[in-house]
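Contents: one structure, followed by commentary.
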Amino acid sequence: ALALFAQLVHQHTHPKSHQTRVQTVKKLTPAMLLFANAPEEEIQSFMGKLDEWGYFHVISALHVISTEFCGERYKARLSDGTLKSSSSIGDKHATLPSGSLVVV
12 ALALFAQLVH QHTHPKSHQT RVQTVKKLTP AMLLFANAPE EEIQSFMGKL DEWGYFHVIS
72 ALHVISTEFC GERYKARLSD GTLKSSSSIG DKHATLPSGS LVVV
């Protein structure tokens, strides 16, 4: 267990790992915009074709984004809320209906 922890710390703090992470995050916005702008039928078809693990990961991403970025409170928070972006949504997200997902 200690070796696994050391590997995780190394991966998180190593400069090359950080650079890889930054490059991966840069791909997030275009993918989310494409997904958000897809017709409902296409989203339903895509979600219906995912295997259980794919579906689990998409729904997990929904929960993390909804709670940490959008401020939803329908599940236990993963942080104290300081991860929330202050650059694009502001405090307006607090009035969203439960279960809403906002893509900016």
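Here the sequence shown stands for residues 12 to 115, numbered as in the numbering used here.
Even for Gly, the Cβ is constructed at its ideal location relative to N, Cα and C.
Asked, Found
"Label Thr78 either buried or exposed according to how many other C-beta atoms from any shown protein chain fall within 10 Å of its C-beta, with 16 as the threshold for buried.", "buried"
"With a floor of 4 residues, list each alpha helix (DSSP H) that falls wholly inside the segment 51-91, ordered by position along the chain.", "51-60 and 63-75"
"Are Gln22 and Ser28 close, meaning C-beta to C-beta below 8 Å?", "yes"
"Could you check the C-alpha separation between Glu83 and Val75 for me, to the nearest Å?", "9 Å"
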